[in-house]
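Colleague:
Protein chains in written order, with this note's numbering: chain A, 1495 to 2082; chain B, 49 to 230.
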């Protein structure tokens, strides 16, 4: 007779076969059998967080920086509800997560038992798929399928809800099946004909722009290599979404910077005026498109995406290629090289004029700001941080708000998987736990969370996790004492009625650092900034860096309300001329 | 453009909405209907009627028929979003005007009152494959099958003649000829 295993054992056997090394979790009544089993599986390390949301974000940081799925283990009821924010975040940003939750015993389901909630019901809209395991004989198959669903196609979170009696029950263990097709859900259905159509478009364009997104990162490092080759072969300008930063080197001359609401002048104008727009692994998010009716009005649009439902969802495109970025761009590059057949002449001369125009836009230097000797400008702080860490293969996470946009604008990423931020859901409190996860995946690397003081307080308790595992994460807080982005919108749209956007009683972050048992550093003066940042980098352990910045600084450039890409607000000087009119307020 | 102070764009001009019928083949497992219906409510799509039952007991396949309205872009999205759900095997969609597809809905009516009025009811229903399921001196339960709008019309008509209770299924659909959906 084959050996029978308990449900808890089966969970770990599955995790082992899926090559899981780390799980982020928090114990509780309904997962105790699984926690009891942990000691017998030394290849799997459990990271104890301080709140289940932290476990979810840490797993996201882990997944985004390593390309492997993040695994979360939580208990029933509040454990499961606390992780919902992180699951939704992962769903919006296509991060592969496998969340295992405990559930009350099967016979108590539906009785409002202690710590019971309808976990699969609650998480249905924020996961790719979820399962309630009602029969121990299904457990191993469901676990393996969970990993498959999370990591294939457009990645995303899944949840497996396991009642406590199932964790005790016994059954045979089934190994993962090899390459089982998920009833036609894998999406690599493009044809050479579509590639040829794209090549034709490339040949005839005079004003092209490539707009790449998080899909390139999700497709793996090879996708970034392919993208770089493609950009080099074509000589086209390239811009990137927030999530796509790092897929193409941020300091390269063909890179126009980020596009969208707080994107650069040259990137947004190129999007507006181009005659060929090639979207690679992005989804025409509303922060990117601005006013839909006037979005890139004169261009042929190409969309390469692994998710067929992303195509024509917001912007109608002329050529859609459904497939994995690595495969599609790889094929495109091959075709270009074959067609060239030794002739190195491409259409680079066709687009020389376009580049001249782009240089003119660049001349506006839209990321500039008025620096100061008296107070630290937040943009300056990010620039200094970049200069002092750029040689170190640094991993950066952020919270959400002004500091996030400044980080995206002024920190230049040269490699994929180095930039972890909450883009789709915009979750304040993402960055600190995400940094924990990144540091777990890359113990030797420098990991910095560029944070705001309001955001970081939402998940501050995870400092305790960082201290427990001696994770040397650096929490670089741009402290302006405001919910800066809220304040900015109130300033621009609501007649400076700063309703509840000022935090009256901020904690002393130095004392907080001391209380958590890590190092606290404070900088208030531009002259001491470099030295203090260096101190932070050199310190071997977690640091909370309280960087007091100019509280009134706003994030520019900005596409204001109701305006298309070619009507940006550039900065303090430009602002007076371009006051946002009442009707435009809707769009910010 | 309308004035508002939100963080989002204002809706752009609307295209014309049409009525479509979706047929979805799914694994008959716990929660599958909630996934399909949740997709509609979560993304703001409309469900006018819904019919679901297992059609293959061996393979455990259920067939869901959903009547909905939307612009061509929305209908396209619904189809693609449905196809992404793990337990969904295939999705087909038809315009209501499609001549190659038969749509039917069934209704049960309970009619009470004087014999004469009930007779009137029966006469009015004759062309809709009328079946009398139950009869007493003062009541009748009848079954009709027809198009949705025909049932709408007839039930309105029957009200003053003694229709006191109506129960309707959602529409179900089948293509004409030997071909099946693929």
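From the three backbone atoms N, C-alpha and C, an ideal C-beta is built for every residue, glycine too.
Using beta-carbon positions only, say whether residue 97(B) and residue 214(B) come within less than 8 Å of one another.
Modeller: It is not a contact, given that the beta carbons lie outside the stated cut-off.
Colleague: Check distances from the C-beta atoms of the stretch 1773-1794 of chain A to those of chain B and list, in chain order, the residues that come in under 7 Å.
Modeller: Those residues of the stretch 1773-1794 of chain A that come within reach of chain B (Cβ to Cβ, closer than 7 Å) are 1780, 1785, 1786, 1787.
Colleague: For residue 165(B), collect the residues of the same chain with a Cβ closer than 7 Å to its Cβ; drop the 5 residues on either side in sequence, then sort them by chain order.
Modeller: Excluding positions up to five away in sequence, the list reads 209, 210.
Colleague: Name the residue from 69(B), 121(B), 171(B) whose alpha carbon lies nearest to the alpha carbon of residue 202(B).
Modeller: Out of 69(B), 121(B), 171(B), 171(B) has the C-alpha closest to the C-alpha of residue 202(B).
Colleague: Please classify residue 1992(A) as buried or exposed, where buried requires at least 16 neighbouring CB atoms within 10 angstroms.
Modeller: Flag for residue 1992(A) reads exposed.
Colleague: Residue 2059(A) CB to nearest chain B CB: under 8 Å?
Modeller: No, residue 2059(A) lies away from the interface with chain B (no Cβ there is under 8 Å from its Cβ).
Colleague: Is it the case that the stretch 1646-1654 of chain A contacts the stretch 1517-1527 of chain A, given that we only count it when at least three CB pairs across the two stretches are under 8 Å?
Modeller: Contact fails: fewer than three Cβ-Cβ distances are below 8 Å.
Colleague: Within 10 Å of its beta-carbon, does residue 1705(A) have 16 or more other beta-carbons around it, so buried, or fewer, so exposed?
Modeller: Buried, by the Cβ-count rule.
Colleague: Taking residue 1863(A) as part of the beta strand (DSSP E), name the residues at either end of that continuous run.
Modeller: Premise fails: residue 1863(A) is in no beta strand (DSSP E) and is neither H nor E.
Colleague: Along the chain, where does the alpha helix (DSSP H) containing residue 1583(A) start, and where does it finish?
Modeller: Per DSSP, residue 1583(A) belongs to the alpha helix (DSSP H) from 1578-1586.
Colleague: What residue range is occupied by the uninterrupted beta strand (DSSP E) comprising residue 1922(A)?
Modeller: Taken as a continuous stretch (DSSP letters only), residue 1922(A) belongs to no beta strand (DSSP E), as it is neither H nor E.
Colleague: Does chain A have any CB closer than 8 Å to the CB of residue 83(B)?
Modeller: Interface residue, yes.
Colleague: Compare the C-beta of residue 124(B) with all C-beta atoms of chain A and state if any pair is closer than 8 Å.
Modeller: Yes, contact with chain A.
Colleague: At 7 Å on the CB atoms, spell out the chain A contacts of residue 128(B), in chain order.
Modeller: Correct list: 1802, 1803.
Colleague: Could you please tell me which residues of the stretch 1525-1557 of chain A, in chain order, have their CB closer than 8 Å to any CB of chain B?
Modeller: Answer in chain order: no residues at all.
Colleague: Helix, strand or coil for residue 160(B) per DSSP?
Modeller: Note: residue 160(B) maps to strand in three-state DSSP.
Colleague: At 3 residues or longer, what runs of the beta strand (DSSP E) sit wholly inside the stretch 1872-1913 of chain A?
Modeller: Taking only runs of at least 3 residues, the beta strand (DSSP E) segments lying wholly in the stretch 1872-1913 of chain A are 1889-1892.
Colleague: Can you give me, in chain order, the residues of the stretch 1804-1833 of chain A that have a beta carbon less than 7 Å from any beta carbon in chain B?
Modeller: Listed by position along the chain: 1806, 1807.
Colleague: Enumerate in chain order the residues of its own chain whose CB-to-CB distance from residue 85(B) is below 8 Å, with the five nearest sequence positions on each side excluded.
Modeller: For residue 85(B), where only same-chain residues beyond five positions count, the Cβ hits under 8 Å are 95, 98.
Colleague: Rank 175(B), 112(B), 92(B), 111(B) by C-alpha distance to the C-alpha of residue 123(B) and give the top, closest one.
Modeller: It is 92(B) whose Cα lies nearest to the Cα of residue 123(B).
Colleague: Just checking: is the beta-carbon of residue 132(B) within a distance shorter than 8 Å of some beta-carbon in chain A?
Modeller: Taking Cβ atoms only, chain A reaches closer than 8 Å to residue 132(B), which makes this a yes.
Colleague: Under a Cβ-count criterion, where at least 16 other Cβ atoms within 10 Å of its own Cβ denotes burial, should residue 1657(A) be classed as buried or exposed?
Modeller: Buried is the call here.
Colleague: Classify residue 1623(A) as buried or exposed, calling it buried when 16 or more other Cβ atoms lie within 10 Å of its own Cβ.
Modeller: Answer is buried; the Cβ neighbour count reaches 16.
Colleague: Quick one: using the 10 Å Cβ neighbour count with 16 as the cut-off for buried, is residue 1608(A) buried or exposed?
Modeller: Flag for residue 1608(A) reads exposed.
Colleague: Classify residue 1685(A) as buried or exposed, calling it buried when 16 or more other Cβ atoms lie within 10 Å of its own Cβ.
Modeller: Exposed is the call here.
Colleague: In chain order, what residues of the same chain lie with their CB nearer than 8 Å to the CB of residue 1833(A), ignoring the 5 residues before and after it?
Modeller: For residue 1833(A), where only same-chain residues beyond five positions count, the Cβ hits under 8 Å are 1693.
Colleague: So, does the CB of residue 1677(A) fall closer than 8 Å to a CB anywhere in chain B?
Modeller: Any answer about residue 1677(A) is weak, because its pLDDT of 44 lies below 50 and its placement is not dependable; what the coordinates show is given next. So yes, residue 1677(A) belongs to the interface.
Colleague: How long is the line joining the alpha carbons of residue 2083(A) and residue 1742(A), rounded to whole angstroms?
Modeller: There is no way to answer for residue 2083(A), as the model of chain A reaches only from 1495 to 2082.
Colleague: Can you tell me whether residue 1968(A) is buried or exposed? The criterion is at least 16 other CB atoms within 10 Å of its CB, across all chains shown.
Modeller: Per the 10 Å Cβ criterion, buried.
Colleague: Measure the alpha-carbon distance for residue 109(B) versus residue 1970(A) and round it to whole angstroms.
Modeller: Answer to the nearest angstrom: the Cα atoms are 54 Å apart.
Colleague: Does the distance from the CB of residue 113(B) to the CB of residue 65(B) come in under 8 Å?
Modeller: Not in contact: residue 113(B) and residue 65(B) (Cβ atoms no closer than 8 Å).
Colleague: Using C-beta distances below 7 Å, list every residue in its chain close to residue 1567(A), excluding the 5 sequence neighbours before and after it, in chain order.
Modeller: 1517, 1519, 1525, 1528, 1594, listed in sequence order.
Colleague: Would you mind stating whether residue 1842(A) and residue 1887(A) have Cβ atoms separated by less than 8 Å?
Modeller: Cβ atoms of residue 1842(A) and residue 1887(A): not closer than 8 Å.
Colleague: Let's see if you can read the secondary structure: which residues bound the alpha helix (DSSP H) around residue 1543(A)?
Modeller: Unbroken run through residue 1543(A): none, as it is neither H nor E.
Colleague: Check the Cβ-Cβ distances between residue 213(B) and every residue of chain A, and say whether any is below 8 Å.
Modeller: Not an interface residue.
Colleague: Exposed or buried, which one is residue 1901(A) when buried takes at least 16 other CB atoms within 10 Å?
Modeller: Per the 10 Å Cβ criterion, buried.
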